[in-house]
Every structure is written in C-alpha cells, then in structure tokens.
Amino acid sequence: MIEKSSFIILRKYPFGEQGLVLHVFAERLGRVPILVRNARSKRSSLPISLVRPLSMLEAVLKKNGDFYSVSEARSAFNSDAFHSRPANTAVAFFLADIWSQVLKEEGAQPEFYYFLEYVVRDLSVRQAGFSYFHIWVLLRTTHYLGFSPGKSPYSEIGFFDLVEGQYTLNQPMHPHYLNVDQAQVFSWFSNEQECPSSPPENWNVNTKREAIQSLIRFFRLHIDSFRTPVSLDVLSEIV
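Residue numbers (our numbering): 1013 to 1251.
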C-alpha cells in the first residue's frame, strides 16, 4: 500500500547502528511506525534535521511488513520557530510525550489529526500563555479520547469526579476527585474551543501545578499503562 500523507512526529527510537524508527500520527493512516535506514546519511530518505518532536511533514508512505518506508519527505510548514525557543520546545516535547502514549490505534482519525495540526501550528507562532496552553490542549485531547469533562456552567460546578469524568454537587465516595476550586479550573479550559487569551482568576504557580497533576491523574485513570512524562520536570521549570 502506498499513501501520500501529512504526518506529525511523536517519538523516535534507534534501530540498529544507523537507523531510526519514528512513531508518527498521519492524516490518512493514524498512528504508524516509519523505519528510516541510514538516518544520518546525506542520502537518507528523511533528513535527520526534520526529525524533531511535533515536526509536521508530508511524504509518500509505503507499507513494508511491520513498518512504513518514506520517500519525497518535506516539511509541511516552517516549524523552526518553536524549536528555537525554550518555552515552545518544552511544550512540544511534553505534548509529544503525552500523545505518543494515548494515540495507539492505526487507522485514520481525521478530526483528531486536524486538532493536533492546529496545536502544532499555534505553538509554532505562540509567544505567550505558556503557563496554561498545555493545560487547555490536554483537556481538549480528552474530547477525542472519549472521556472529556464536557461543558458546565460555573453555577453548576461542585466537585469533579475523575473516575466518572463529570461534575457533581456531591463529594464522591472515593479519593479520585477534584475540589471545587480545582474543578473550576477544569471547567474554565474545557468550555473553550480555542485556547483562552488569559488564564482563570487567581492563576499562579500552585494552581498550575495542581492542574497538571490533576490531569495526569485523570489520564492515568482512563488510559491503560499511562505514565507521567519525564519531560514534565523540564516543562515545569521553564513555563
């Protein structure tokens, strides 16, 4: 099978002495593995300079056994900006770590792909809002994974049940829930189709830390074998 498609690089692994295996999310194929032999050679089918987290490329993909091969690869747009700024790079590595864990199915998922493309393009030009951009992205990601908190007016927010994925006025009878203040942060970002231009009231280092820790708990409860990304420590230091 041969398919021309755009794709976003999620993760790379060494393969032998010279090769790389790339896990990518492709517009027409979903998540697939690409094998690049002699990756550092000038004659490589995919220049090593293009192999970075969340790089968006276009290429011809051909199925060869368990892997896809790539030809005619080129950058879909200039993403150098977010790979040259520390905050943009930290967010890119973090989101790539998250998405590489939750995107597991091969097969086209166009709406999910277009959301990732929107995020990558936004991140390539973003110059502010880094303390909460990834919070919004992760909450929007849950929408495509099937356990989104959904929308809820502030007047109806009590606790947030992380197991059931819903707001409730009654405190859950288990430890996996958010208090009212934490639930309001979830609601603030969940209600927005695009990343807000400003964070919720009283947004500070502590509320940011609580929000990301709550999201990690949320993902762990709903995604098998989900792990806290190692890139979170770097992200927390920079943004």
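Glycine included, every Cβ here is placed at the ideal spot set by N, Cα and C.
Hey, quick one: how far does the beta strand (DSSP E) through Thr-1180 stretch, first residue to last? 1178-1180
Cα-Cα separation, Asp-1245 to Lys-1220: 13 Å
Using alpha carbons as the reference points, say which of Lys-1016, Arg-1043, Leu-1151 and Gly-1028 lies closest to Cys-1207. Leu-1151
Tell me which residues share the same chain as Trp-1148 and place their Cβ nearer than 6 Å to its Cβ, disregarding the 5 neighbours each side in the sequence. Phe-1201 and Cys-1207
How long is the line joining the alpha carbons of Ala-1140 and Val-1131, rounded to whole angstroms? 14 Å
Considering just the uninterrupted stretch of the alpha helix (DSSP H) at Pro-1211, what are its terminal residues? Taken as a continuous stretch (DSSP letters only), Pro-1211 belongs to no alpha helix (DSSP H), as it is neither H nor E.
What residues are listed by DSSP as bridge partners for Ala-1038? Phe-1019 and Gly-1042
In the DSSP assignment, what residue or residues form a beta bridge with Ser-1087? Leu-1069
Answer yes or no: do Val-1082 and Leu-1073 have a C-beta to C-beta separation smaller than 8 Å? yes
Let me confirm a value: Tyr-1080 is counted as buried when at least 16 other C-beta atoms fall within 10 Å, else exposed. Which label applies? buried
Let me know the alpha helix (DSSP H) ranges lying completely inside the region 1115-1142, each 4 residues or longer, listed in chain order. 1122-1137
Tell me Ser-1081's beta-bridge partners as DSSP assigns them. Lys-1074
Below 8 Å between beta carbons: does that hold for Val-959 and His-1146? Any question about residue 959 goes unanswered here, given that the chain covers just 1013 to 1251.
Based on Cα-Cα distance, which residue from Asn-1050, Ile-1014 and Gly-1170 lies nearest to Tyr-1179? Gly-1170
Is there contact here, the region 1106-1121 with the region 1183-1203, by at least three beta-carbon pairs under 8 Å? no
Reference Ser-1248, options Ala-1099, Asn-1090 and Ser-1067, closest by Cα: Ala-1099
Here's the rule I'm using: 16 or more other beta-carbon atoms within 10 Å means buried, otherwise exposed. How should Lys-1024 be labelled? buried
Compute the Euclidean distance between the alpha carbons of Met-1068 and Ser-1091, then round it to the nearest angstrom. 8 Å
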